[in-house]
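Peer 1: First residue of the sequence shown: 145, per the numbering used here; consecutive thereafter. Please see the structure below; I have some questions.
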Amino acid sequence: MTYPYTVVVYGTSLFSSTVEASLRRQPAFAVMQVDNQQSDALAHLSLIQPHVILVDMTDVLVETVMRYLVEQPATMLIVLNSRTGGMFIEHDRHTALTTMQQLMGAIEEHVARPTEVSAQSYQQKE
Numbered sequence: 145m146t147y148p149y150t151v152v153v154y155g156t157s158l159f160s161s162t163v164e165a166s167l168r169r170q171p172a173f174a175v176m177q178v179d180n181q182q183s184d185a186l187a188h189l190s191l192i193q194p195h196v197i198l199v200d201m202t203d204v205l206v207e208t209v210m211r212y213l214v215e216q217p218a219t220m221l222i223v224l225n226s227r228t229g230g231m232f233i234e235h236d237r238h239t240a241l242t243t244m245q246q247l248m249g250a251i252e253e254h255v256a257r258p259t260e261v262s263a264q265s266y267q268q269k270e
């Protein structure tokens, strides 16, 4: 089965696991977890080539993710904050995502038009 949206959840926090579980229930999303303690995490990310990487900023060191994004700048980075329950798109810190619908809409739009992402349209999709 081919999935239109490949998402990597980087790290193992409870909040990121909850978001991962919600995305796994959606048939359009291929969701994989990459353990931030994995010694070959960068190679694993390169093999998967995700459209989106979700990172909990309170749980992981994102050095590997940043190195991957230098190599693959079209990849969308969504940062989770388990302390506040918030999510935001890294390239536009003003785009807060407050629902799973907004998160899925942001991913769908990014994959459809990765170079023309309209941050404000995510807020209006619910």
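Beta carbons are placed, not taken as given, at the ideal position from N, Cα and C, and that holds for glycine.
1) Using the C-alpha atoms, what's the distance from residue 153 back to residue 176?
2) Count Cβ pairs between the segment 183 to 192 and the segment 160 to 171 that sit closer than 8 Å; are there 3 or more?
3) What's the call for residue 183, buried or exposed, on a 16-neighbour Cβ count within 10 Å?
4) DSSP three-state call for residue 177: helix, strand or coil?
5) State yes or no: is the C-beta of residue 214 within less than 9 Å of the C-beta of residue 200?
6) Which same chain residues end up closer than 6 Å to residue 150 when comparing Cβ atoms and leaving out the 5 residues on each side of it in sequence?
7) Just the C-alpha distance for residue 155 and residue 217, rounded to the nearest angstrom, thanks.
8) DSSP on residue 201, reduced to helix/strand/coil?
Peer 2: Once the coordinates are examined:
1) Working through the sequence shown from its first residue, we reach residue 176 at position 32. Working through the sequence shown from its first residue, we reach residue 153 at position 9. In a straight line, the C-alpha of residue 176 is about 6 Å away from that of residue 153.
2) no
3) As a working mapping, residue 183 is identified with position 39 in the sequence shown. The residue is exposed, with fewer than 16 neighbouring Cβ atoms inside 10 Å.
4) Counted from its first residue, the sequence shown places residue 177 at position 33. DSSP places residue 177 in strand when its eight states are reduced to three.
5) Your numbering for residue 214 matches position 70 in the sequence shown. Your numbering for residue 200 matches position 56 in the sequence shown. Taking 9 Å as the Cβ cut-off, residue 214 and residue 200 do not qualify as a contacting pair.
6) Along the sequence shown, one-based indexing puts residue 150 at 6. 174, 194 and 195, listed in sequence order.
7) Residue 155 sits at position 11 when you count from the first residue of the sequence shown. Residue 217 sits at position 73 when you count from the first residue of the sequence shown. Their backbone Cα atoms lie some 20 Å apart in a straight line.
8) Working through the sequence shown from its first residue, we reach residue 201 at position 57. Coil, per DSSP.
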